[in-house]
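A short worksheet on the structure shown next.
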Amino acid sequence: MITPRFSCSQTEKSVVVSVYCPSVRASDVEINVDETLFSVHINPYFLRLNFSHPVFEDDASSAVYDPSTGYLTVMLTKEVPGQDFKDLDLLAKLLAPRPSKEEQDQPVIEVLDTQETPEDDTAEDLVERTQELTLEQREILEAAENDWQLPQSVPDVLSPLQTSAERRYGFLDIHSGYFRHVEHMENEVNEVGADAETSTPDERRRRRLRHEEEKWDEEHYMADYADDEYIRDLISWPNPHLTSPSEDFQYTEKENLVMLRLPRKEYLSTPAETHALYLTLLTLLFSYSYESRTTQGDPTPESAWTLASLTPAFSALDPAPYDQAQSRSTAPDAFAEAELASVFATSYRRALAFPLYRSFALAEACRADVAGLLARGKRVVARCLLEVKDILDRHEVYYVYSKIWVDDFSVWTLAYANDETLSRLADAINSLRMKKNMIGWDLEGLEALTRECGERESDSDDESEDEIERMLPAPMS
């Protein structure tokens, strides 16, 4: 079946769905409404939407097909007039499956029959039976008399049983098989090599850290620090996503078509996994911000390499968190300063070890961009992810990272991310203070040495000019 192009709008009493399905017969249209779920089938098109509030069909509802334009317009009545249906412009969220309903009811016991003990021997029987009980049985008997308040302890978490050498990776570890023939691909950013399908998370992280140390170049950093005129221009570049008015935001027709092709999944993530997704999102937005600044919003053939190289979840299949001690005790939407610092320190390291422009000040500007994009909400964040997807999809090798990360992240951002959480995260990033000693390299020492060398060259030039003046003949009177 083909998912048609569509758009949604609303009035005070109705929700209007406009579906583009040219060259069909109006008599073949099948429409079904079930509370929040709306579906329309007209061969070969099928569309199923899940609204935020219930709708129904009544005398005020209608479905009109215009053969001249190819649009089917369906008007559905709101169950509660005046209710605001949010996110009607987020097509991926409307296309996402209806969330599973968790069972809230507790199991109950139905008493079918009871037998009473004769009163004459009750006491004696109880004494004899109690004396025969073991210690464990007595604890259970006492617990039964005390509303079953048995002493309990949290069991140790067991590692997942591995029945295969293959390891999963990507968004929520739901992907595998994309790197089975990696030796035949010219994937320059793959830091795990041929072991991508079998390496453990710890092995991936070790390889990432080792590769960063190998690529770190002190002379490159000092040269960019000494001659930073062009880098200052990159830092001053205004990101259009941060300067355009929020009220003018609207997805383009191209973006809507891309969202129609995104996977339609229900992501059942645990609180810890949700927390990790927000942190990994920061690394994606940082890479996007760096690429946008260094190309000033005009992607080049190197843009896909830049995005893949700067994102640890891509190049090393190593997503956040990078501070495990902090993340164990943190709620899904509460972010500790230490773990945010560890996430950005990882992104900073990669920005200082791999791309052309290596500057701590440029990395700081990218972090400010991340905070600004998050503050704009999930619509703007999703637009950035769609731009990342567009760049990666055009590359013959790096498109794989779009499949295992960006596609799912785009859907999750639109359908599951919370604007309030993104706003709190933006505030936390704005208040974060990144220090150069957090990166793991002696940046301050290299900068001091660069300034000292610059001063020496300046003094040497002054001395040379004085010597030349002394050697010149005196002017004629």
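Note that my numbering has the sequence shown beginning at 1070, numbered continuously upward. Cβ atoms here follow ideal geometry from the backbone N, Cα and C, with glycine treated the same way.
- In chain order, M1291, Y1294, A1295 place their CB closer than 6 Å to the CB of T1519, counting only its own chain and leaving out the 5 sequence neighbours on each side.
- The C-beta of T1375 has 16 or more other C-beta atoms within 10 Å across all chains shown, which makes the residue buried.
- Here H1344 is buried, its C-beta having at least 16 other C-beta atoms within 10 Å.
- When C-alpha distances from V1475 are compared across L1491, G1151, E1456, the shortest belongs to E1456.
- When DSSP states are grouped into helix, strand and coil, M1144 belongs to the strand group.
- Counting every other CB atom within 10 Å of its CB across the protein chains shown gives G1151 a total below 16, marking it as exposed.
- E1433 carries a helical assignment under DSSP once its states are collapsed to helix, strand and coil.
- Within the same chain, Cβ atoms closer than 8 Å to the Cβ of L1354 are found at D1438, V1439, L1442, L1443, V1450, C1453, the five residues on either side in sequence being excluded.
- In this model, H1110 and L1116 are separated by some 7 Å (Cα to Cα).
- Residue range 1131–1135 is occupied by the beta strand (DSSP E) that includes A1132.
- Burial check for K1147: the Cβ neighbour count within 10 Å reaches 16 or more, so the residue is buried.
- Listed in chain order, the alpha helix (DSSP H) elements of length 4 or more contained wholly in the segment 1371–1397 are 1372–1379, 1381–1384, 1393–1397.
- The beta carbon of H1280 is closer than 7 Å to those of E1260 in its chain, skipping five residues each way along the sequence.
- In the three-state reduction of the DSSP assignment, H1110 falls in the strand class, which pools E and B.
- Per DSSP, F1413 has no beta bridge partner at all.
- Shown here for R1333: same chain residues with a beta carbon closer than 7 Å to its own, the five before and five after excluded, namely L1164, A1165, P1166 in chain order.
- By the C-beta criterion, the segment 1461–1471 is judged not to be in contact with the segment 1310–1324, since fewer than 3 inter-stretch pairs fall below 8 Å.
- DSSP links E1099 through a beta bridge to H1110.
- Here DSSP, grouped into helix, strand and coil, assigns N1259 to coil.
- Ranked by how close their Cα comes to the Cα of E1433, the residues P1388, L1350, L1303 have L1303 in first place.
- By the CB criterion at 8 Å, P1314 and G1366 fall outside the cutoff.
- DSSP lists T1146 as the bridge partner or partners of S1083.
- N1119 is bridged by DSSP to L1106.
- Contact between the segment 1479–1488 and the segment 1248–1260 is absent, with fewer than three C-beta pairs closer than 8 Å.
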